[in-house]
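Asker: Below are the structure tokens for one structure; questions will follow.
Residue numbers (my numbering): 24 to 212.
Shown next as structure tokens:
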């Protein structure tokens with residue numbers, strides 16, 4: 024049993040490292056809408072695959088570690104400690120909810136959808152509360168509602184990220200099914 028925990032820890036570290044490396048390959052999008060950040064990238068894919076392979080606990084933990092490291096090592100931006108926690112640590116931790124589909128290699132696309140929605144939910148809450156005082160016109164909408172602004176702003180980068188993650192995870196579920204279902208682990212003690 025201890026060998027499986029060590030293997031999970033090492034594999035999760037590799038997934039986190041892959042996500043950190045992918046965080047440098049991005050298309051910044053949020054700043055062009057008068058916001059503070061947001062980009063289109065592939066960072067959620069390793070986190071989703073990690074969560075599907077190892078489950079909810081490892082997925083949440085890997086997302087939390089990645090989000091915290093991303094803030095410090097990949098040009099993170101926060102207006103206060105609460106925005107750092109929500110927009111990085113907690114938001115990426117919620118990607119780990121893909122782990123609800125542990126060892127379900129044929130549902131990797133659904134795991135991606137759940138993980139992406141979890142991240143969006145946290146960004147939405149952050150935008151609606153912490154960033155509410157910065158509401159500005161967006162996409163031709165000139166309202167003052169922090170709720171609508173947060174949906175539009177966070178949706179501007181989370182919707183493309185979600186589509187990309189769902190499509191790539193759906194394509195990867197075929198060649199990686201044995202791995203994602205943990206069949207290689209059954210051979211170990």
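Each residue gets a CB set at the ideal place from its N, CA and C atoms; glycine is no exception.
In the DSSP output, what is residue 62 paired with across the bridge?
Answerer: In the DSSP output, where bridge partners are listed per residue, residue 62 has 51.
Asker: Starting from the Cα of residue 173, find the closest Cα among 199, 126, 110, 134 and give me that residue.
Answerer: Closest by alpha carbon: 110.
Asker: From what residue to what residue does the alpha helix (DSSP H) around residue 8 run?
Answerer: The chain is shown from 24 up to 212; residue 8 falls before or after that span and cannot be answered.
Asker: Does DSSP classify residue 126 as helix, strand or coil?
Answerer: Residue 126: coil per DSSP, three-state reduction.
Asker: Taking the alpha helix (DSSP H) that residue 69 falls in, what are its first and last residues?
Answerer: Unbroken alpha helix (DSSP H) run through residue 69: 67-77.
Asker: Which term fits residue 168, buried or exposed, when burial requires 16 or more other beta carbons within 10 angstroms of its beta carbon?
Answerer: Exposed, since its Cβ has fewer than 16 Cβ neighbours within 10 Å.
Asker: Which residue comes first and which comes last in the alpha helix (DSSP H) that contains residue 109?
Answerer: Residue 109 -> no alpha helix (DSSP H), and no H or E assigned at all.
Asker: Would you tell me roughly how many angstroms separate the C-alpha atoms of residue 182 and residue 26, rounded to the nearest one?
Answerer: So the two alpha carbons sit approximately 39 Å from each other.
Asker: Report the rounded CA-to-CA distance for residue 116 versus residue 87, giving the unit in angstroms.
Answerer: In a straight line, the C-alpha of residue 116 is about 4 Å away from that of residue 87.
Asker: Residues in its own chain within less than 8 Å of residue 45 by CB, not counting five upstream and five downstream?
Answerer: Answer for residue 45: 64, 65, 66, 68, 69, listed in chain order.
Asker: Buried or exposed: which applies to residue 75, given that a residue is buried once 16 or more other Cβ atoms fall within 10 Å of its Cβ?
Answerer: Its Cβ being crowded by 16 or more others within 10 Å, residue 75 is buried.
Asker: Tell me which residue opens and which closes the alpha helix (DSSP H) that residue 100 is part of.
Answerer: Here residue 100 belongs to no alpha helix (DSSP H), and DSSP marks it neither H nor E.
Asker: Using 8 Å as the limit for Cβ to Cβ distance, is residue 204 near chain C?
Answerer: Looking for chain C here will not work: only one protein chain is present.
Asker: Return the CA-CA distance between residue 78 and residue 146, expressed in angstroms with no decimal places.
Answerer: In a straight line, the C-alpha of residue 78 is about 23 Å away from that of residue 146.
Asker: Is DSSP giving residue 154 helix, strand or coil here?
Answerer: Residue 154: coil per DSSP, three-state reduction.
Asker: Whole angstroms are fine: how far does the CA of residue 71 sit from the CA of residue 189?
Answerer: So the two alpha carbons sit approximately 10 Å from each other.
Asker: Out of 60, 101, 31, 198, which has the shortest C-alpha to C-alpha gap to residue 82?
Answerer: Ranking 60, 101, 31, 198 by Cα distance to residue 82 puts 31 first.
Asker: Looking at residue 192 and the ligand NAP, is the gap between the Cβ and the nearest heavy atom below 7 Å?
Answerer: The ligand NAP is not part of the structure shown, which contains no ligands of any sort.
Asker: CB residue 85 to CB residue 39, shorter than 8 Å?
Answerer: Yes, they are a contact pair.
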